[in-house]
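Colleague: Please find one structure pasted underneath; my questions will follow.
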Ligand code: XMP
């Protein structure tokens with residue numbers, strides 16, 4: 001399980017025991033959304049640990065196993081005597097049933113995957129205000145065959161007789177569906193019922209509470225030592241810079257490496273905003289020439305990304321030695337990175353995490369062995385939308401908080417083929433027009449990403465009486481939830497016309513604008 005076990009400072013009101021479901025963290029996040037602090041711990045967390053944490057409620061997550069399989073993960077059976085309310089979700093409910101003397105078996109011919117209407121048999125307690133017939137998301141191949149003594153049915157679906165169950169006197173509840181996913185229309189209502197009415201939690205987990213605690217934690221960790229932060233201008237590193245400034249003031253040094261691939265006005269905005277306006281010490285490193293010369297003659301997109309990543313690490317290393325020494329490296333690691341990361345070690349002396357891999361957005365290369373920092377990662381329990389809230393609360397402007405995603409290698413991967421200063425200038429101007437017009441049309445926040453791509457081919461055009469032979473710009477605008485899939489945005493023709501006219505008229509070197517109408521998959525959002 002993740003090392004949140006090591007990190008718990010504040011006692012969680014709700015503990016989620018993880019049996020290996022992809023949704024365990026989502027449950028924690030949903031509970032935090034309703035302002036109750038919750039953490040995910042391993043399914044085998046001992047009852048002594050739980051007693052120590054004294055949560056107001058425990059949730060057993062789903063999981064891929066079958067409870068009747070040999071070696072299937074089960075909870076410490078003593079949790080049933082803790083006198084703490086328990087909610088079992090999917091596999092978690094089957095664990096509950098099995099451990100308390102009921103029977104779970106394969107739902108032969110009755111497995112359920114996807115949406116199912118829930119028929120509520122008992123609209124009280126857990127299912128208070130959960131509408132009869134509301135949709136719940138099912139994903140199970142096993143089901144309860146026999147309830148343990150003391151349990152009653154709360155709801156059923158056409159395929160699952162015991163879709164929600166309860167042992168009222170002992171405050172044990174189980175649901176076969178996943179209340180945490182968005183497809184479960186009344187799932188949040190059900191979680192609220194459990195958290196507030198059954199566990200009697202109070203809404204205490206607010207953004208401000210998070211910030212206060214994170215500040216305290218950073219102060220305790222860092223003491224009087226110096227901290228370095230690589231600032232990119234994205235919401236994660238920006239929110240982190242604000243948080244650290246509040247926590248440790250001038251012990252923080254930010255480094256902004258300008259690779260020359262930022263959008264028009266961005267480096268200036270960044271320096272002006274952080275350094276001048278908010279007096280956060282930002283060291284501007286102008287590495288433009290260095291990066292562009294490394295890309296001379298490079299056409300292959302993967303080679304390009306690798307070169308940029310490696311060069312970034314090199315510059316970072318040189319500059320941190322020049323500006324240092326620093327004891328700590330601050331990173332805007334978020335929860336999804338924590339799940340994926342394996343490139344970290346724990347210092348056996350201090351118990352602190354040490355970076356063995358710089359987790360910049362480049363995700364390439366590693367820090368040299370003699371340049372190891374201890375890590376400060378106060379955002380690592382948060383999801384992106386939680387970081388946005390924290391950023392806002394710390395005073396970050398909407399401009400940064402709701403900025404479209406921008407890839408680490410920046411405009412370099414939006415110029416197909418070789419990157420040159422001339423093409424960079426051209427793309428920067430075109431990109432600026434795209435963003436300006438989309439913003440003026442009031443559509444910026446409805447779109448996931450809107451940008452320009454430069455193609456290294458020339459076509460014939462005519463301007464005035466002159467024949468032109470110049471590059472085309474591709475307009476790429478997509479809607480998406482998470483960047484994993486995307487659809488192309490249907491922009492109004494009048495806006496398309498304006499963008500096209502302005503780019504061809506105002507951007508030197510361009511005589512044509514084309515529109516990318518490919519979804520992802522099969523296309524990707526970026527062109528390289
Ligand atoms: P693709 O092009 O794979 O992009 O559909 C999905 C999302 O990821 C962003 N992206 C990156 N972000 N470093 C990043 O930080 C990168 O190297 C990178 N490549 C793509 C892209 O902008 C989109 O939002």
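In this note's numbering, the protein residues as written are 1 to 528. Ideal Cβ placement from N, Cα and C applies to all residues, glycine included.
Roughly how many angstroms separate the alpha carbons of residue 184 and residue 130, rounded to a whole number?
Modeller: Position 184 of the chain shown, counting from 1, holds the residue named residue 184. Position 130 of the chain shown, counting from 1, holds the residue named residue 130. Their Cα atoms are separated by approximately 11 Å.
Colleague: How is the alpha helix (DSSP H) around residue 541 delimited, first residue to last?
Modeller: With the chain covering only 1 through 528, there is no way to say anything about residue 541.
Colleague: Are there 16 or more other CB atoms within 10 angstroms of the CB of residue 350, so buried, or fewer, so exposed?
Modeller: Here residue 350 refers to the residue found at position 350 of the chain shown. Because residue 350 carries a pLDDT of 46, less than 50, the predicted location of this residue cannot be relied on, and the following value inherits that uncertainty. Exposed is the call here.
Colleague: Note the first and the last residue of the continuous beta strand (DSSP E) segment covering residue 475.
Modeller: The sequence position of residue 475 within the chain shown is 475, counting from 1. Per DSSP, residue 475 belongs to the beta strand (DSSP E) from 466-479.
Colleague: For residue 422, report the span of its alpha helix (DSSP H) as first-last.
Modeller: Counting from 1 along the chain shown, the entry for residue 422 is found at position 422. It spans 421-440 - the alpha helix (DSSP H) in which residue 422 sits, taken as one unbroken run.
Colleague: I need the straight-line Cα distance from residue 406 to residue 124, nearest angstrom please.
Modeller: Locating residue 406 in the chain shown gives position 406, counting from the first residue. Locating residue 124 in the chain shown gives position 124, counting from the first residue. Our two residues, residue 406 and residue 124, have alpha carbons roughly 48 Å apart in a direct line.
Colleague: What would DSSP say about residue 447, mapped onto helix, strand or coil?
Modeller: Position 447 of the chain shown holds residue 447. If DSSP states are grouped into helix, strand and coil, residue 447 belongs with coil.
Colleague: Nearest by alpha-carbon distance to residue 402: which of 377, 385 and 28 is it?
Modeller: The residue labelled residue 402 in the question sits at position 402 within the chain shown. It is 385.
Colleague: Which same chain residues, not among the five before or five after residue 421, have their C-beta less than 7 Å away from its C-beta?
Modeller: As a first step, residue 421 is located in the chain shown; it is residue number 421 there, counting from the start. If we look at residue 421 and ignore the five residues flanking it on each side, its Cβ neighbours are 292.
Colleague: Roughly how many whole angstroms lie between the Cα atoms of residue 434 and residue 496?
Modeller: Taking the chain shown and counting its residues from 1, one reaches residue 434 at position 434. Taking the chain shown and counting its residues from 1, one reaches residue 496 at position 496. Between the alpha carbons of residue 434 and residue 496 lies a gap of roughly 9 Å.
Colleague: When you compare only the Cα positions, how much space is there between residue 468 and residue 301?
Modeller: Position 468 of the chain shown, counted from the first residue, corresponds to residue 468. Position 301 of the chain shown, counted from the first residue, corresponds to residue 301. Residue 468 and residue 301: Cα-Cα distance of roughly 28 Å.
Colleague: In the region 232-287, which residue ranges form an unbroken beta strand (DSSP E) of at least 3 residues, counting only runs that do not cross its ends?
Modeller: DSSP runs (the beta strand (DSSP E)) wholly in the region 232-287: 252-258 and 282-286.
Colleague: Taking its Cβ as the centre, do 16 or more other Cβ atoms sit within 10 Å of residue 494, making it buried, or is it exposed?
Modeller: The sequence position of residue 494 within the chain shown is 494, counting from 1. Residue 494 comes out exposed.
Colleague: When the Cα of residue 245 is compared with those of 257, 268, 211 and 260, which residue comes out closest?
Modeller: Numbered from its first residue, the chain shown carries residue 245 at position 245. The candidate whose alpha carbon is nearest that of residue 245 is 211.
Colleague: Under DSSP, the alpha helix (DSSP H) around residue 397 begins and ends at which residues?
Modeller: Within the chain shown, residue 397 is the residue found at index 397, counting from 1. Note, residue 397: premise wrong, no alpha helix (DSSP H); not H, not E.
Colleague: Do you know offhand how far residue 71's Cα is from residue 83's?
Modeller: Stepping through the chain shown from its first residue, residue 71 is reached at position 71. Stepping through the chain shown from its first residue, residue 83 is reached at position 83. Spanning the two alpha carbons is a distance of roughly 27 Å.
Colleague: Nearest to residue 128 by CA position, among 139, 191, 171 and 141, is which residue?
Modeller: Within the chain shown, residue 128 is the residue found at index 128, counting from 1. Cα-wise, what sits closest to residue 128 is 191.
Colleague: Among 500, 485, 483 and 484, which has the Cα closest to the Cα of residue 491?
Modeller: As a working mapping, residue 491 is identified with position 491 in the chain shown. Closest by alpha carbon: 500.
Colleague: Using alpha carbons as the reference points, say which of 239, 444, 75 and 145 lies closest to residue 395.
Modeller: Position 395 of the chain shown, counted from the first residue, corresponds to residue 395. Nearest C-alpha to residue 395: 239.
Colleague: Would you say residue 526 touches the ligand XMP, meaning its beta carbon is less than 7 Å from a heavy atom?
Modeller: Position 526 of the chain shown holds residue 526. Under cutoff, so the answer is yes.
Colleague: Tell me, to the nearest whole angstrom, how far the beta carbon of residue 94 is from that of residue 77; I am working on the premise that it is less than 8 Å.
Modeller: Numbered from its first residue, the chain shown carries residue 94 at position 94. Numbered from its first residue, the chain shown carries residue 77 at position 77. That belief does not hold up - the Cβ atoms of residue 94 and residue 77 are roughly 15 Å apart, past 8 Å.
Colleague: Tell me, please, which residues DSSP counts as bridged to residue 320.
Modeller: Residue mapping note: residue 320 aligns to position 320 of the chain shown, counting from 1. Bridge partners of residue 320: none, in fact.
Colleague: Evaluate the contact criterion for the region 245-254 versus the region 222-232: three or more CB pairs, one atom per stretch, below 8 Å.
Modeller: yes
Colleague: According to DSSP, which residues form a beta bridge with residue 151?
Modeller: Locating residue 151 in the chain shown gives position 151, where the first residue counts as 1. In the DSSP output, where bridge partners are listed per residue, residue 151 has none listed.
Colleague: Given 7 Å as the limit, tell me if residue 509 has its C-beta closer than that to any heavy atom belonging to the ligand XMP.
Modeller: On the chain shown, residue 509 is found 509 positions in, with the first residue counted as 1. Not so, every heavy atom of the ligand XMP lies at least 7 Å from the Cβ.
Colleague: When you compare each of 169, 393, 104 and 442 to residue 147 by their alpha carbons, which one comes out closest?
Modeller: Taking the chain shown and counting its residues from 1, the one referred to as residue 147 is at position 147. That would be 104, whose Cα lies nearest to the Cα of residue 147.
Colleague: Please confirm whether residue 454 and residue 423 have their CB atoms less than 8 Å apart.
Modeller: The residue given as residue 454 occupies position 454 in the chain shown. The residue given as residue 423 occupies position 423 in the chain shown. Cβ atoms of residue 454 and residue 423: closer than 8 Å.
Colleague: Secondary structure at residue 23, three-state DSSP: helix, strand or coil?
Modeller: In the chain shown, the residue the question calls residue 23 occupies position 23. In the structure shown, residue 23 sits in coil (DSSP, three-state: anything other than H, G, I, E or B).
Colleague: Starting from residue 177, follow the beta strand (DSSP E) in both directions and report where the run begins and ends.
Modeller: Within the chain shown, the letter at position 177 stands for residue 177. Residue 177 -> no beta strand (DSSP E), and no H or E assigned at all.
Colleague: When the Cα atoms are used, what is the spatial distance from residue 390 to residue 477?
Modeller: Here the question's residue 390 lines up with position 390 in the chain shown. Here the question's residue 477 lines up with position 477 in the chain shown. Distance between the alpha carbons of residue 390 and residue 477 is about 28 Å.
Colleague: Would you mind working out which of 134, 97 and 226 sits nearest residue 162, comparing C-alpha positions?
Modeller: Within the chain shown, residue 162 is the residue found at index 162, counting from 1. Closest by alpha carbon: 97.
Colleague: Is it true that the CB of residue 86 sits closer than 8 Å to the CB of residue 19?
Modeller: Along the chain shown, read from residue 1 onward, the residue named residue 19 stands at position 19. Along the chain shown, read from residue 1 onward, the residue named residue 86 stands at position 86. Going by C-beta atoms, residue 19 is not nearer than 8 Å to residue 86.
Colleague: What would DSSP say about residue 305, mapped onto helix, strand or coil?
Modeller: In the chain shown, residue 305 corresponds to position 305, counting from 1. Helix, per DSSP.
Colleague: Hey, residue 230 and residue 257 are a contact pair by Cβ (cut 8 Å); roughly how many whole angstroms apart?
Modeller: Locating residue 230 in the chain shown gives position 230, where the first residue counts as 1. Locating residue 257 in the chain shown gives position 257, where the first residue counts as 1. Going by Cβ atoms, the distance from residue 230 to residue 257 rounds to 7 Å, so yes, they are a contact pair.
Colleague: In terms of residue numbering, what span does the beta strand (DSSP E) encompassing residue 411 cover?
Modeller: The residue labelled residue 411 in the question sits at position 411 within the chain shown. Note, residue 411: premise wrong, no beta strand (DSSP E); not H, not E.
Colleague: Of the residues 52, 13 and 23, which one's Cα is nearest the Cα of residue 34?
Modeller: One-based indexing of the chain shown puts residue 34 at position 34. Comparing Cα-Cα distances from residue 34 to each of 52, 13 and 23, the minimum goes to 13.
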